[in-house]
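Going by our numbering, the first residue of the sequence shown is number 451, and it counts up by one from there. Where a beta carbon is used, it is the ideal one built from N, C-alpha and C, also for glycine. So the structure is just underneath, and the comments pick up after that.
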Amino acid sequence: MKEKSFFQRFNKNYKFYLSNYIKVLMLKKLIPVRGNKNVPRESFSTNGKQIVRVVFVNPSFVNDWSLTESLIHEATHSFIDQLNLSFKFIRSYVKNDIYFFSPWTGNKLTIITLVEAIFIWYSVYKFYYYNGEHFFDDITCKNRKSWLKLGFNKLDLNNELLKNNIDTVFLKYLIGFKEEIFYS
């Protein structure tokens, strides 16, 4: 029996999600110039002005779980950007001058990017919960879910700055995401 390709391993729901929110994959190879240590080994990005376009830098260095998470991560950015163009469900009421640190990566985030991070890491967690065993061994799935869950456990959604700057109904959704993962 022929082994399934990387994309064929996704179930129909993830194929639909990825193909709707990622239309263009740009692959770039960056080679460090002697003495320049600022070239990333690998990276992935989207751009709110070029929705559904994803840029992968040095994807040959990436393992399967990192590539999978990156596809889901970037598709979720595209989904949020498209939704936000129609409904302004984030930027219309969120201030951009308050900073937090990501409980997953430690990166400095605005409220907007923290909200996006919650959606993104929730999406990645749900992938492992429902589909991870089709891609990875049990140890990889368990380790990735544990890392994601740890970030959600560190997430303080009772912070007064969040309460004062995010719509109450929307904040309840974020708290629901955290509780769902905590109890899964």
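Query raised in the report: Just how far apart, CA to CA, sit Pro553 and Ser455?
Result: Along the sequence shown, read from residue 1 onward, the residue named residue 553 stands at position 103. Along the sequence shown, read from residue 1 onward, the residue named residue 455 stands at position 5. Pro553 and Ser455: Cα-Cα distance of roughly 33 Å.
Report task. Below 6 Å CB to CB, which residues in the same chain sit around Glu566 once its five sequence neighbours on both sides are set aside? Result -> For this step, residue 566 is matched to residue 116 along the sequence shown. Excluding residues within five positions, the ones whose Cβ falls inside 6 Å are Ile530.
Requested in this report: Whole angstroms is fine: what's the gap from Leu624's alpha carbon to Phe569's?
Outcome: Translated into positions along the sequence shown, residue 624 becomes position 174. Translated into positions along the sequence shown, residue 569 becomes position 119. Leu624 and Phe569: Cα-Cα distance of roughly 8 Å.
**Report entry** Per-residue DSSP class, three states only, for Lys558
**Finding:** Position 108 of the sequence shown holds residue 558. Lys558 falls in the strand class under three-state DSSP.
Query raised in the report: With burial defined as no fewer than 16 other Cβ atoms inside 10 Å of the residue's Cβ, what is the status of Ile561: buried or exposed?
Result: In the sequence shown, residue 561 corresponds to position 111, counting from 1. With 16 or more Cβ atoms within 10 Å of its Cβ, Ile561 is classed as buried.
Requested in this report: Take Ser573 and list the residues in its own chain whose beta-carbon comes closer than 7 Å to its own, dropping the five residues that flank it on each side.
Outcome: Residue mapping note: residue 573 aligns to position 123 of the sequence shown, counting from 1. Hits under 7 Å: Ile522, Thr526.
Report task. Could you pull out every residue in the same chain whose Cβ sits closer than 8 Å to the Cβ of Asn420, ignoring the five residues on either side in sequence? Result -> The displayed coordinates of the chain run from 451 to 634. Any statement about residue 420 would go beyond what the structure contains.
Query raised in the report: Got a sec, what are the start and stop residues for the alpha helix (DSSP H) Phe506 sits in?
Result: Taking the sequence shown and counting its residues from 1, the one referred to as residue 506 is at position 56. For Phe506, there is no enclosing alpha helix (DSSP H); the enclosing beta strand (DSSP E) has its first and last residue at 503–507.
Query - Short Cβ contact (8 Å threshold) for Tyr575 with Cys591 - result: Residue 575 sits at position 125 when you count from the first residue of the sequence shown. Residue 591 sits at position 141 when you count from the first residue of the sequence shown. Contact: no.
Query - Nearest residue (CA-CA) to Gly556, options Leu517, Gly601, Arg594 - result: Within the sequence shown, residue 556 is the residue found at index 106, counting from 1. Per the Cα distances, Gly601.
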